[in-house]
Amino acid sequence: MAIKKLPQDVINQIAAGEVVERPAHLVKELVENSLDAGATEVEVVYAQGGRFVSVQDNGSGMDAEDLKMALEPHATSKIHASKDLWALNSFGFRGEALASIASVSRLTLLSKQGEKPAYQIYSEFGQKSEVMEAGGVPGTKVVVKDLFENVPARLKFLKTEAAEGTLIKNTLKALALSHIHVTFRVRSRDKLLFYWPGVQQLKERVEQVLDQKPLYEVQFEKEGLRLEAVVSSPQHTFKNSKQMWFFAQNRWIQDKTFMAATLEAYRSLLMHGEYPLAVIKVWAPQEDIDVNVHPTKSLVKFRKPSLVFQLIQQGIRQLLEQAPWVVDLFSQASEGEPSSETVFPKEAGAEVALEVEQLNQERELSPTENLSFQGVAFQQVNLPKKDSHFFKREKAFQPEESRGSVVASLKKAAFHPPQETSASSGVPQELRHFWSNLHIIGQSHLTYVVAQTDKSILFIDQHAAHERVLFESLMEQWRQGKFEVQPFLFPLTLDLGEDQVEALLSYEKEWLKMGVELEQSGPSTVSVRTAPAIVEENALGAALETFSQDIQEKGGSFAFEKAVSHVFATMACHSAIRAGQALSFEEIKSLLQQMDQYPLSTFCPHGRPVYVEYTIQKLERDFGRIV
0 MAIKKLPQDV INQIAAGEVV ERPAHLVKEL VENSLDAGAT EVEVVYAQGG
50 RFVSVQDNGS GMDAEDLKMA LEPHATSKIH ASKDLWALNS FGFRGEALAS
100 IASVSRLTLL SKQGEKPAYQ IYSEFGQKSE VMEAGGVPGT KVVVKDLFEN
150 VPARLKFLKT EAAEGTLIKN TLKALALSHI HVTFRVRSRD KLLFYWPGVQ
200 QLKERVEQVL DQKPLYEVQF EKEGLRLEAV VSSPQHTFKN SKQMWFFAQN
250 RWIQDKTFMA ATLEAYRSLL MHGEYPLAVI KVWAPQEDID VNVHPTKSLV
300 KFRKPSLVFQ LIQQGIRQLL EQAPWVVDLF SQASEGEPSS ETVFPKEAGA
350 EVALEVEQLN QERELSPTEN LSFQGVAFQQ VNLPKKDSHF FKREKAFQPE
400 ESRGSVVASL KKAAFHPPQE TSASSGVPQE LRHFWSNLHI IGQSHLTYVV
450 AQTDKSILFI DQHAAHERVL FESLMEQWRQ GKFEVQPFLF PLTLDLGEDQ
500 VEALLSYEKE WLKMGVELEQ SGPSTVSVRT APAIVEENAL GAALETFSQD
550 IQEKGGSFAF EKAVSHVFAT MACHSAIRAG QALSFEEIKS LLQQMDQYPL
600 STFCPHGRPV YVEYTIQKLE RDFGRIV
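If you count by numbering that gives the first Met the number 0, then the sequence shown holds residues 0 to 626, one letter each, in order.
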């Protein structure tokens, strides 16, 4: 007979391959069992890259009967009927973990319930001993030795001890981030690696576990979904996504929707290849999420993934648009005594007198003595007009003056003091005049505005700063529907797939409100007949193509705004003042005033930083004034 029923030990080893692919999975299963038992303290000890693991907790514990059943396959305290599979709030592997682990290791299980006696059971590669009384403290302790000793094929594919240890530490970090009220101790080779006492706030736990500051927390709700997130500022980034941690129903997961939504929230704030620190937690009604998709529960399915995307993107974006990192900068700058009065040449050719605080009292300078330098006179300049070669429009429709153009009006005769806008109304009160209240020193290399606070010197990239101002102004005008529309002399034709054409035309009305008239000109082509006068053809074409690809993945409204912002980011870059362009004092002052209108003015639309700060402490240290 060719078909035979597998022996139980082989069945258990197959199950173990699903549950415990490597030592980190073993640690995850054991710790999750402790958490399911209501533990508030968990201690993990590991060695040999995880081939030895001990997990001890102060949870509810087990009696003798439970202890015996715990090592049986398909045995669990968490499920009693099939309906329970869809209403799970626990974390273990639903009756497979301990039996599977015991089949590929030497396992000792010791447990005690309250004041009852403690009991112990031992298993050697699936062969169990009798349950016997033992000494112990309330809770449960599981000791696993010689993992995969009887499965050479699995053993030889383990990584080095250091690599497996790193995976174990990352797993424990995730468990600590998901269960902030639990105290964790982690030891290896008789050394305490981590001690994370339980805390009340997620932000406090993230700072504790990931050892990063400053961080910012947000809570947000949308249509029955709830978000809790802790993120870093766009200034505090990493070269990979390893500091992005995602949780659904407090389970650590790997999810493309979470990743895409988080990065979308940082759109126009990060450079290419940069990733923020982000701890994202989402809770959904049980009927809207399936946690039984993957054996290790690392993947979940949401009934409405687009709603999850919107929840994360909107929640984080609302936080970022408050620019809390600038509030921190403002707070630092406001500490100490008021600084000296700003002295700057308001007329060309005047001397620049910069008061210098007496930093080194050992020098014999009088308290009122000032140092001065001869400033370079500012030249009044007209900012360059928009290049006409960007467009191929009929001359009959070209206005004599571009007063209706947002870009032109912002650039007309240099800068003008800004009016109150809908964007500025959302600026935190403490940021309303941060940039315009800086003490302007001058312009370095005709590229960087140099200014100071009481505590630091700032170098501001004039192109990046103006680029952000233009971008935000364009976005605001778009939201208000204030655009001058012009037809193309020759329609712009886009070659797309049939699905992309259908997706693009499904938002035909929305594009038309922006002044972009679309028309299907073939099974897989679309023609653009009109567009706002300020929009460049290449930027519009690229944005429409990207939009047609994004709409199904991220939801139409977000894909549409992303496409619009891509167009405006390109236009702002082309239209902003350039490096190497001289600015007068009035022009610099007006630029800083306009930066006050937009909280995100610390980054250009492509994610480059607008300013670099050098604290007085750093200067003093570099000059040897302090050690």
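Backbone N, C-alpha and C fix where the C-beta goes; we use that ideal spot for every residue, glycine too. As the structure is a computational prediction, the values presented were derived from the model and not from experiment.
- Here the alpha carbons of H180 and E203 stand approximately 11 Å from one another.
- Per the C-alpha coordinates, the member of T236, K111 and F124 positioned closest to M131 is K111.
- With a 10 Å radius around the Cβ and a threshold of 16 neighbouring Cβ atoms, S443 comes out exposed.
- Under the DSSP assignment, D35 falls in the alpha helix (DSSP H) whose first and last residues are P22 to D35.
- With distances taken between CA atoms, V198 lies nearest to Q207 out of Q321, Q207, L469 and K190.
- The secondary-structure analysis by DSSP pairs K67 with nothing; it has no beta-bridge partner.
- According to the DSSP secondary-structure assignment, F193 is paired through a beta bridge with V185.
- In this structure, S104 and D56 do not form a Cβ contact; the two beta carbons are roughly 19 Å apart against a cut-off of 8 Å.
- By the C-beta density criterion, N291 is exposed, having fewer than 16 other C-beta atoms within 10 angstroms.
- Going by beta carbons, L590 and Q451 fall outside the 8 Å limit.
- With fewer than 16 other Cβ atoms inside 10 Å of its own Cβ, H271 counts as exposed.
- If you keep only unbroken beta strand (DSSP E) runs of at least 3 residues inside the region 421-478, you get 438-443, 447-451 and 455-460.
- For P531, the secondary structure class from DSSP, reduced to helix, strand or coil, is strand.
- Here DSSP, grouped into helix, strand and coil, assigns L226 to strand.
- Residue pairing for W282: DSSP places it in a beta bridge opposite R225.
- Setting aside the 5 residues that flank it on each side, E227 is surrounded in the same chain by L201, Q218 and K280, each with a C-beta closer than 7 Å to its C-beta; the list follows chain order.
- DSSP places I311 outside any beta strand (DSSP E); the residue lies instead in the alpha helix (DSSP H), whose first and last residues are P304 to L319.
- Counting only runs of at least 3 residues, the region 197-222 fully encloses the following beta strand (DSSP E) elements, listed from N- to C-terminal order: 215-221.
- Beta-bridge partners assigned by DSSP to F51: A46.
- The residue from L157, V52 and Y118 with its alpha-carbon nearest to that of V30 is V52.
- For V500, no beta strand (DSSP E) segment is defined; the enclosing uninterrupted segment is the alpha helix (DSSP H) at E497 to L504.
- Contact between the region 22-40 and the region 175-192 is present: three or more C-beta pairs spanning the two stretches fall below 8 Å.
- Per the coordinates, the alpha-carbon of D453 lies some 12 Å from the alpha-carbon of I439.
- Spanning the alpha carbons of V141 and L457 requires a straight line of approximately 56 Å.
- As DSSP reads the structure, Q126 sits in a beta bridge with E123.
- Rounded to whole angstroms, the gap between the alpha carbons of A541 and K296 is 39 Å.
- When secondary structure is reduced to three states using DSSP, P151 falls in the helix class.
- For the pair S99 and V19, the CB atoms are nearer than the 8 Å cut-off.
- Judged by pairs of C-beta atoms under 8 Å, the region 584-598 does not touch the region 255-264, as fewer than three such pairs exist.
- Assignment of M594 by DSSP, reduced to helix, strand and coil, places it in the helix class.
- Looking at the DSSP output, W244 shares a beta bridge with V278.
- In this structure, the CA atom of K238 is about 29 Å from the CA atom of R620.
- Its Cα nearest to that of E560, the residue E509 stands out among L618, R302, E509 and V534.
- Here T492 is exposed. Its C-beta has fewer than 16 other C-beta atoms within 10 Å.
- Cβ contact annotation for F546 (same chain, cutoff 6 Å, sequence separation greater than five): A558 and A562, in chain order.
- Here I2 carries a coil assignment [DSSP, helix/strand/coil].
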